[in-house]
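Peer 1: Structure incoming, see below.
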Amino acid sequence: MSFYKYTNISTASLVLKNKSLRWSSPLIFNDLEECQFTPFTKEQYASSYKAYFKILTECAKGQSDYNINELSDASRLIIEVMRVSMNDVVFNTSYFEEVVLKTFSNPESDYRDFINAALIKCFRVLCVTEKYDNNLMWAHYADQHYGCIIEFDSVYLKKPRLLREGYVRYHENLQPQSNPLDIFLYGETEETRDLLIRDVAFSKRTSWNYEKEYRFMFFENFGEITTSINMQTNLKETAVKNQSEALFTDVSISKESVKSIIFGVRTNDEDVKKVLEILTENDYQCNLYQMKMRNGCMVKEELS
Numbered sequence: 007m008s009f010y011k012y013t014n015i016s017t018a019s020l021v022l023k024n025k026s027l028r029w030s031s032p033l034i035f036n037d038l039e040e041c042q043f044t045p046f047t048k049e050q051y052a053s054s055y056k057a058y059f060k061i062l063t064e065c066a067k068g069q070s071d072y073n074i075n076e077l078s079d080a081s082r083l084i085i086e087v088m089r090v091s092m093n094d095v096v097f098n099t100s101y102f103e104e105v106v107l108k109t110f111s112n113p114e115s116d117y118r119d120f121i122n123a124a125l126i127k128c129f130r131v132l133c134v135t136e137k138y139d140n141n142l143m144w145a146h147y148a149d150q151h152y153g154c155i156i157e158f159d160s161v162y163l164k165k166p167r168l169l170r171e172g173y174v175r176y177h178e179n180l181q182p183q184s185n186p187l188d189i190f191l192y193g194e195t196e197e198t199r200d201l202l203i204r205d206v207a208f209s210k211r212t213s214w215n216y217e218k219e220y221r222f223m224f225f226e227n228f229g230e231i232t233t234s235i236n237m238q239t240n241l242k243e244t245a246v247k248n249q250s251e252a253l254f255t256d257v258s259i260s261k262e263s264v265k266s267i268i269f270g271v272r273t274n275d276e277d278v279k280k281v282l283e284i285l286t287e288n289d290y291q292c293n294l295y296q297m298k299m300r301n302g303c304m305v306k307e308e309l310s
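In our numbering, the protein residues as written are 7 to 310.
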């Protein structure tokens with residue numbers, strides 16, 4: 007599988023010289039809506055919480071088929087509190103529901119605020135595509151056809167820890183792959199975490215679907231994240247410590263992973279020469295091409 011990185015000549019030169027690719031935080035991407043989708047709506051959140059308390063109530067009464075030992079620590083604790091309340095004849099789930107739904111009256115905004123305040127700075131994303139002949143990509147990311155494409159068969163020398171990768175989903179209204187009820191019941195399992203990441207970090211508006219993006223992602227150290235809630239005012243605060251201020255990480259690649267360089271229709275001879283010198287100096291063994299206009303169409307030809 008080949009991955010194509012559209013870029014300008016200056017950036018391509020740095021990639022080839024340094025043998026590294028820059029993975030960036032979405033905070034510096036050109037799409038302001040990056041990672042701003044939430045994996046649930048307010049209505050989904052409220053209905054899931056009602057279903058959650060119904061299930062926990064049935065568990066507390068011994069009337070549920072759910073395996074309590076598989077539930078999260080928080081769920082099991084609530085079940086125990088419910089059992090004590092039942093024994094004292096003061097049991098009423100409406101109070102639990104009222105407090106929770108009042109505290110999290112705007113879950114979409116709360117979730118988005120947490121992502122932006124605590125997590126997004128640590129996301130490291132590399133955006134590539136599988137097509138080399140995308141006219142809009144040449145125009146927008148390869149310096150209006152004055153730049154080039156670097157073709158890779160691998161985008162890292164050493165696989166980053168907790169790497170995620172996959173195609174970006176394009177949509178206007180996110181249809182979540184994750185289920186809030188499962189998160190309430192079981193907490194953040196590996197499966198739900200992966201689905202949440204795909205919902206939030208691998209989603210874009212349909213206006214971007216021309217990119218046909220394939221995305222790689224890992225996380226830098228999240229440091230210390232604490233969240234506090236004032237139960238009287240419902241004021242929520244998130245504090246972050248020991249996170250890097252950098253918004254990118256340069257990830258090493260092997261020179262063997264570079265399969266080809268494809269220059270744009272407008273790339274000038276001086277810039278082509280500049281890149282060829284870097285390839286020679288660093289002993290790259292890759293194919294060389296240039297896009298040409300033939301009969302009104304853009305085609306790839308071997309560099310002459």
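Glycine residues also receive a C-beta, built at the ideal position from the N, C-alpha and C atoms.
Identify whether Ser31 lies in helix, strand or coil by the three-state DSSP scheme.
Peer 2: In this structure, Ser31 counts as coil in the three-state DSSP scheme.
Peer 1: Quick check on DSSP: helix, strand or coil for Leu294?
Peer 2: Assignment of Leu294 by DSSP, reduced to helix, strand and coil, places it in the strand class.
Peer 1: When the Cα atoms are used, what is the spatial distance from Lys247 to Ile84?
Peer 2: 31 Å
Peer 1: Measure the alpha-carbon distance for Asp94 versus Leu187 and round it to whole angstroms.
Peer 2: The alpha-carbon separation between Asp94 and Leu187 amounts to approximately 28 Å.
Peer 1: By the DSSP assignment, the beta strand (DSSP E) with Ile231 in it spans what residues?
Peer 2: Glu230 to Ile235
Peer 1: For Ala148 and Ile268, what's the separation of their Cα atoms in angstroms?
Peer 2: 11 Å
Peer 1: What three-state label does DSSP hand Phe208 in the structure shown?
Peer 2: coil
Peer 1: On the DSSP bridge list, what partners appear for Met304?
Peer 2: Met299
Peer 1: Taking DSSP's pairing of strands, which residues face Phe225 in a bridge?
Peer 2: Phe225 is bridged to Phe129.
Peer 1: If you count every other CB in all the chains shown that lies within 10 Å of the CB of Val21, and 16 or more means buried, which is it?
Peer 2: buried
Peer 1: Where in the stretch 15-94 do unbroken runs of the beta strand (DSSP E), each at least 3 residues long, occur, reported from the N-terminal end onward?
Peer 2: 26-30
Peer 1: Give the straight-line distance between the Cα atoms of Asn288 and Thr198, rounded to the nearest whole angstrom.
Peer 2: 44 Å
Peer 1: Are the Cβ atoms of Leu201 and Gln183 separated by less than 8 Å?
Peer 2: Yes.
Peer 1: Which residues does DSSP list as the beta-bridge partners of His177?
Peer 2: Arg211
Peer 1: Less than 8 Å between the C-beta atoms of Tyr220 and Tyr162, yes or no?
Peer 2: Annotated as distal: Tyr220 and Tyr162, with beta-carbon spacing of 8 Å or more.
Peer 1: Buried or exposed: which applies to Cys41, given that a residue is buried once 16 or more other Cβ atoms fall within 10 Å of its Cβ?
Peer 2: buried
Peer 1: Taking buried to mean at least 16 other C-beta atoms within 10 Å of its own C-beta, is Leu6 buried or exposed?
Peer 2: For the chain, the structure presents residues 7 to 310; residue 6 sits outside this window and is missing.
Peer 1: Starting from Glu114, follow the alpha helix (DSSP H) in both directions and report where the run begins and ends.
Peer 2: Pro113 to Phe120
Peer 1: Return the first residue and the last residue of the alpha helix (DSSP H) that Val281 is part of.
Peer 2: Asp275 to Glu287
Peer 1: Val264 bridges to which residues according to DSSP?
Peer 2: DSSP, once it has assigned bridges, lists Phe158 as partnering Val264.
Peer 1: Looking only at DSSP bridge pairs, what is Gly172 linked to?
Peer 2: Arg221
Peer 1: For the putative contact between Ser81 and Leu191, defined by C-beta atoms under 8 Å, what is the C-beta separation to the nearest angstrom?
Peer 2: 6 Å
Peer 1: Consult DSSP for Tyr10 and reduce its assignment to one of helix, strand or coil.
Peer 2: If DSSP states are grouped into helix, strand and coil, Tyr10 belongs with the strands.
Peer 1: Evaluate contact between the stretch 222-231 and the stretch 149-156, counting only Cβ atoms and requiring at least three cross-stretch pairs below 8 Å.
Peer 2: At 8 Å Cβ cutoff, the stretches do not touch.
Peer 1: From the DSSP output, read off the bridge partner residues of Ser258.
Peer 2: Ser26
Peer 1: Under 8 Å by Cβ, that's how I've got Asp256 and Ile15 pegged, so tell me the actual separation to the nearest angstrom.
Peer 2: Their Cβ separation, rounded to whole angstroms, is 19 Å, which puts Asp256 and Ile15 out of contact at 8 Å.
Peer 1: With a CB to CB cut of under 6 Å and the five nearest residues on each side skipped, what residues in its chain are close to Arg89?
Peer 2: Ala66
Peer 1: Quick check on the DSSP output: the beta strand (DSSP E) that includes Ala245 runs from which residue to which?
Peer 2: Lys242 to Lys247
Peer 1: Rounded to whole angstroms, what's the CA-CA distance from Thr17 to Phe35? Just pull it up for me.
Peer 2: 16 Å
Peer 1: Go ahead and pull the three-state DSSP assignment for Thr198.
Peer 2: helix
Peer 1: Which partner residues of Phe269 appear in the DSSP bridge assignment?
Peer 2: Cys154 and Gln296
Peer 1: In its own chain, which residues sit with a C-beta less than 6 Å from the C-beta of Asn293, not counting the 5 before and 5 after it?
Peer 2: Ser266
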